[in-house]
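Protein chains in written order, with this note's numbering: chain B, 51 to 427; chain S, 51 to 427; chain R, 1171 to 1504; chain H, 1171 to 1504. All C-beta atoms in this analysis are idealised placements derived from N, C-alpha and C, irrespective of residue type, glycine included. Values in this document were obtained by computation on a predicted structure and should not be read as measured data.
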């Protein structure tokens, strides 16, 4: 056990910090969940990419620095501490890319990853459907074989596609074998959004921003080269890397460390009473505990262990922590808490989504109980 | 709506207070969950009875004062405020008696109620069995017809009989029709504990006191006159008044009002910091809210409405409140919290039973969801 | 001791509820959020016909001459139907303030003919000033009544689209002054308590509506081949919310009674009511959203019309708990 | 940065665990609770053979010369097996205190030959003084080492039958004094932190054991025709307990590392570890009892052997949170 950072890690952190200090926009960008804001965020993604900060853990050939997981965590800490813009490339980088690295052909990797990293092709996830939410295996969107065209024809509706109204492409599962049972007969497809047969309907979030979209597909052609992994094997392709979403990459500790630092400042500025100060202390300890838990997880991964159902422990914890943290901020703000433009009020609404997305916490607790504790289904 | 007490109610309260001031033992009695303590508590029950304070809401002919429910609540408030002894007659008075009033014959009422009120015959409940806890309908104890003797022969095991090692009699359900389905074919019996075929095994509680007993019945004869309600109809006999246990009588507000008053004193004495003071305030508000909720319930009952699944709302609330209240006390006590002899430490352990007995809070929440909110089973 | 509403109180509540159910549908509330003035067209007139604005005004001034006990159930329903108009500010606080100050403005406000906006004690913003004819404002401990035309407004959008918050710029003068500092002090203390109980009642109604909507949703929504509402986790979420609301409501009703009868403990009762109702509504909002899942997170779902009001009204719970704490530890409780 | 225990650390933990699993069964813990001295016969000798008492003592003094990093996992297991002996007091606090004070008593205590009892800073009671040969006590800021024969003991039964609390009456003298006030101050500050981390580790072990026992129980116990553990409410209770424990454990390990390396933040790390572990163990106890139902409430069930220790060790969480608060708000965090 060594809980000091190596000189190389420290140097990496310093380099990230220096670049961010010089490059993070002084004024916050408009929300990336609006059309205008999204365009500005795409520019920012390009700037990150040009300086090789877009995908630090990736191979150099795709724009990365081959950073270790610890270095990646340091980058994230610095990124959020600097108040840098939200990552509109996130769902591609953190949800699709791990699957591409694992199951993609060299041709797919070479074609897709650099454009993803550079913000040239931004990806929306297409997991949920109107009738397949927690019950993801209830997917009804179907893929029909088109032998003549050398590919598949997709039809159906994908829901809650984050920033789907602005993204370029979508990844998701479609039912390629209608005769197979629930988890079988699904195939993982990569689907362009600006193509014939695709209709995108923006869906507003709690705060009114069009952060979601419904994506309707009507006989959309997808060539064979855009099938990820084996045909009919989409469930295991999707699940193999799903735990990284829940447990590591989606919400790295840096986000909460930065938030709790701002919370302490808020408590100071508002001269918080001891009861609220105690709530701040709890939030501070939680964020720190989450950082330490993640460092332990990273050491396990570096030691060759896979990230399994432990990811659900992480997801339940950070999502509930984030809600408590923002509830405390709302109490500190008192009558100002309801001001719609306040960053904490926006953040509070965003935090409330945490226990829902990436698998509801009810599903996660089932996973914890059944897979980690061995309770009967 | 009138939230002042009438002159008659005030007079009732004053009379109760004066009697309690003059009669409550200066030194607390030893625990009624020990053999010696139980005997002393039986004497105390007699003293209450002689002054007509044992069963204030009962008819005069059975030793009561025909007090209204509001007056009964006032008596309870005064009783706990005075630090009067625990009521070892409680399970008879609050669990069995309402059923006797509802389903008992005049002969049964005349025979049983006065002795119950006077502490001459003290009752243990015999609801649970080793394999019938939350699933009360899973009862296996059986009753076989004895036509020759004019009664029934009971065999089986009843578990968690409160103070069963010291009580005189037991009430409970036995399977009189083995062919019937779960909730059917059960009969409600009144069973003497000091009779042939009964073996009582004391069972220690968390704090080591023998507050429970396992009761083993081996071909125990019970005459027909000790069947309560109709044969094979025991489930509805038991359930008709079960909600009064959960919702009103078992834990009246006076208990928590007194506890929270002691908690405020403890917080003062220990010079509690603001964080713990806030926890005390929450406990104080909860106890007061519970009092008001109960007064509203009482008005509904006086207005002729029945107490249904609302009783589960009450039970979940008071049991969780009692745990929080005692957890706060433990924090206030700091290093003294672990001292076994401390009344708060005893109380804390007792509070932990609240979410379990009289129907676990998991079952109660099911009841609330299914019967009050109409969610599907 | 009889903790039950009189039949006439319930009848009045039911009459108002009929109007709200018809006139203040979720679709109209949604439209009001998107409108200039955050008002449901015609609603105030309908409520005026029923006498709601003047419930606490004397009969001689065109009011119903009722008390907070009758009002509390109507305010609860204003939460249940997410009424966008600032009912609590005007009906529970403004009207009795004008009444006790013997203001000539009372009659028109109580009848609903003129729309008022009321600055609550200590509040940095005035709700609904843009749509008002007359503003009841505070300056240096005094109470003033000012015509809308004499003020300029600076809008501060609330997360709750029905709460149009404004900072008000205006010039106090002898002509605008209704009460000097000495006169105002006790009446503003009453205003604090009335606002607390009024919003507490609204929060109870909001919470009940969120639970009801969620129950409907989880009965209809199927996953894994059965209604989501048949899962024990969903059941227990909603049961917990119901327990909190059912336990908060009697405290709110008691506080209303204490106001109506000027009971010595009314300030503590009001704060206790507000603290409990705030927590209950926050819990109900949390559970309602969680049981809805992503669907409840969409702006096009109506849930947020209730949820955001619960957030907006609940943030001062710590202040109220602190007031109860002082009563318990300094003044020896009530 | 590598947050993982070395293989040798895990091997030592496993070796101790083998002995605990064999020698410190629930039945023997129960017997110890009922015994005069609250010790498992032979256990201390077994642990002495493995070097556990002297883990933090230098090799030259017969110890293993290890650090808190190696010790923390052994202490966690002392909770997992509900070891009745005061392991934390002696091994994590007493031995390093004697070591740093260069006490001649160190060697015999570190070898396990002589049994010590240690007054923790600020504690009104000494745990296990009755069974000890030698007592490490405090007087007026000084540290003294006193023979058992020179003190009289007043027993104060703890809810945890293994914690034999005593008030100690004794006469401090030059002969008993190990450290004067100036010397003692920094060492007692270390003792506070070591006790916090030691008990935090034990609480993590207690919590894990309670979860494991409960999992076994709810898999075996059937109601309504299926295992109780298949009900979602039971699953979620236990999942919440596991989340709390898993999130607390790394903070405890980090605090151990900070002690071993005398990191500047060690005091805050120790308090954070203790606060989180206390809450996690309290939650695990609560959930374990609830999932057991009445069976867990019986003295004859073993659950309480773990549960009561969790209560006894967890009550100072507010004190530790307050220490973290001062660090965050006054000293600018760590």
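Distance between residue j and residue i (C-alpha atoms, nearest Å)
i: residue 1503 of chain H; j: residue 400 of chain B; result: Residue placement at residue 1503 of chain H is flagged as unreliable, the pLDDT there being 49, under the threshold of 50; a coordinate-derived value is accordingly withheld.
i: residue 1470 of chain H; j: residue 266 of chain S; result: 18 Å
i: residue 166 of chain B; j: residue 223 of chain B; result: 20 Å
i: residue 1220 of chain R; j: residue 1398 of chain R; result: 41 Å
i: residue 1381 of chain H; j: residue 1402 of chain H; result: 16 Å
i: residue 75 of chain B; j: residue 124 of chain B; result: 20 Å
i: residue 1225 of chain R; j: residue 65 of chain S; result: 42 Å
i: residue 378 of chain S; j: residue 285 of chain S; result: 39 Å
i: residue 1322 of chain H; j: residue 346 of chain B; result: 47 Å
i: residue 277 of chain B; j: residue 90 of chain B; result: 31 Å
i: residue 219 of chain S; j: residue 170 of chain S; result: 11 Å
i: residue 1474 of chain H; j: residue 1467 of chain H; result: 8 Å
i: residue 1310 of chain H; j: residue 1351 of chain H; result: 8 Å
i: residue 182 of chain B; j: residue 1275 of chain R; result: 58 Å
Pick from the options that is closest to residue i, judged by C-alpha positions
i: residue 1294 of chain H; options: H:1283, H:1317, H:1324, H:1268; result: H:1324
i: residue 1383 of chain R; options: R:1407, R:1500, R:1445, R:1472; result: R:1472
i: residue 1316 of chain H; options: H:1264, H:1359, H:1357; result: H:1264
i: residue 136 of chain S; options: S:261, S:112, S:158, S:188; result: S:261
i: residue 1370 of chain R; options: R:1407, R:1498, R:1445; result: R:1445
i: residue 274 of chain B; options: B:347, B:243, B:193, B:326; result: B:193
i: residue 1175 of chain H; options: B:341, B:202, B:353; result: B:353
i: residue 1438 of chain H; options: H:1417, H:1228, H:1404, H:1499; result: H:1499
i: residue 132 of chain S; options: S:388, S:425, S:312; result: S:312
Segment limits, alpha helix (DSSP H) that includes residue i
i: residue 1327 of chain R; result: It is not in any alpha helix (DSSP H) - residue 1327 of chain R instead sits in the beta strand (DSSP E) that spans 1322 to 1327.
i: residue 1457 of chain H; result: 1436 to 1462
i: residue 1334 of chain R; result: No alpha helix (DSSP H) contains residue 1334 of chain R, which is instead part of the beta strand (DSSP E) from 1334 to 1339.
i: residue 1515 of chain R; result: Because chain R spans 1171 through 1504 in this model, residue 1515 of chain R falls outside it and cannot be assessed.
Distance cut-off 7 Å: residue i Cβ against heavy atoms of the ligand ZN
i: residue 1469 of chain H; result: Inclusion of the ligand ZN in the displayed structure is not the case, the ligand content being empty and no account of it being possible.
Paired residues, beta bridge with residue i - DSSP
i: residue 396 of chain S; result: According to DSSP, which records beta bridges pairwise, residue 396 of chain S is partnered with nothing at all.
i: residue 224 of chain S; result: S:237
i: residue 250 of chain B; result: B:265
i: residue 205 of chain S; result: S:192
i: residue 219 of chain B; result: B:173, B:242
i: residue 417 of chain S; result: Per DSSP, none; premise fails for residue 417 of chain S.
Bounding residues of the beta strand (DSSP E) (the contiguous stretch that carries residue i)
i: residue 74 of chain S; result: First-last for residue 74 of chain S: undefined, no H or E at that position.
i: residue 1287 of chain R; result: 1286 to 1288
i: residue 1309 of chain H; result: 1304 to 1309
### Task
Check whether the segment 1253 to 1262 of chain R touches the segment 1201 to 1209 of chain R, taking contact to mean three or more Cβ pairs, one atom from each stretch, closer than 8 Å.
Yes, since at least three Cβ pairs between the segment 1253 to 1262 of chain R and the segment 1201 to 1209 of chain R fall closer than 8 Å, the two stretches touch.
Validate contact between the segment 381 to 395 of chain S and the segment 1477 to 1486 of chain H using beta carbons, cut 8 Å, 3 pairs
The segment 381 to 395 of chain S and the segment 1477 to 1486 of chain H touch, with no fewer than 3 CB-CB distances between them shorter than 8 Å.
- request: Determine, using beta-carbon pairs with one atom in the segment 93 to 102 of chain B and one in the segment 314 to 331 of chain B, whether at least three such pairs fall under 8 Å.
  value: Contact between the segment 93 to 102 of chain B and the segment 314 to 331 of chain B is absent: fewer than 3 CB-CB pairs across the two stretches fall below 8 Å.
Check: So does the segment 1235 to 1248 of chain R actually touch the segment 1424 to 1437 of chain R, counting three or more Cβ pairs closer than 8 Å?
Finding: Contact between the segment 1235 to 1248 of chain R and the segment 1424 to 1437 of chain R is present, because at least three Cβ pairs lie under 8 Å.
Three or more C-beta pairs under 8 Å: does that hold for the segment 355 to 374 of chain B against the segment 293 to 312 of chain B?
These segments touch.
Is it a yes or a no for the segment 206 to 215 of chain B touching the segment 163 to 178 of chain B, going by three-plus beta-carbon pairs under 8 Å? Touching, yes.
Would you check if there are 3 or more beta carbon pairs closer than 8 Å linking the segment 1360 to 1368 of chain H to the segment 1258 to 1275 of chain H?
Yes: the two stretches touch, three or more of their Cβ pairs being nearer than 8 Å.
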